[in-house]
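*Asks:* For what it's worth, our numbering labels the leading residue of the sequence shown as 979, then goes sequentially.
Just so you know, even glycine gets a beta-carbon here, dropped at the ideal spot from N, CA and C.
Predicted model, so just to flag it, every value in this text is computed and none were measured.
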Amino acid sequence: MSSSLARPVLRAAPTPFVTYYGKVGLELSKLVFHGQKMVPPSMATFQTTYQNLWTRLRTRSVSPQSIIQQVRGLGAAQLVAGGVVLAECLGFFTVGEMVGRFKLVGYHGEVAAHH
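(1) If we ignore side chains and look at the alpha-carbon of each, how far apart do residue 1056 and residue 1015 end up?
(2) If you draw a straight line from the alpha carbon of residue 1009 to that of residue 994, how long is it in whole angstroms?
(3) Pull up the CB-CB distance for residue 1076 and residue 1082, whole angstroms please, since I reckon it's below 8 Å.
(4) Looking only at its chain, what residues have a beta carbon closer than 6 Å to the beta carbon of residue 1079, apart from the 5 residues adjacent to it on each side?
(5) Starting from residue 1057 and walking both ways along the alpha helix (DSSP H), at which residues does that stretch end?
(6) Expressed to the nearest angstrom, what Euclidean distance is found between the alpha-carbon atoms of residue 1007 and residue 1064?
(7) How is residue 1038 classed by DSSP in three states: helix, strand or coil?
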């Protein structure tokens, strides 16, 4: 027998679930990031924001009234942009549910017994 017939077939190991979906999420976020023409914050802005947040959480200066005042201070453009992002997230979730279920309409639930 020839040794060329007895060679084992080498196959790549399957990609772990978390790694695969992490990469998919990263690529999807890149598409959204570029589509919305977003720019990452500078390192100084990032540090300042999270230092302020950390300080407020440690001193417990976050109250429902302060959150409500911040929401009331939002402009129309910020609210519209937030609504668009919310709609995109809802759309991605809905498409993911359809793909995961392999159908457009909900799950088959238990049929309630009629008495």
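*Replies:* On the basis of the supplied data:
(1) 15 Å
(2) 23 Å
(3) 6 Å
(4) none
(5) 1054–1079
(6) 14 Å
(7) coil
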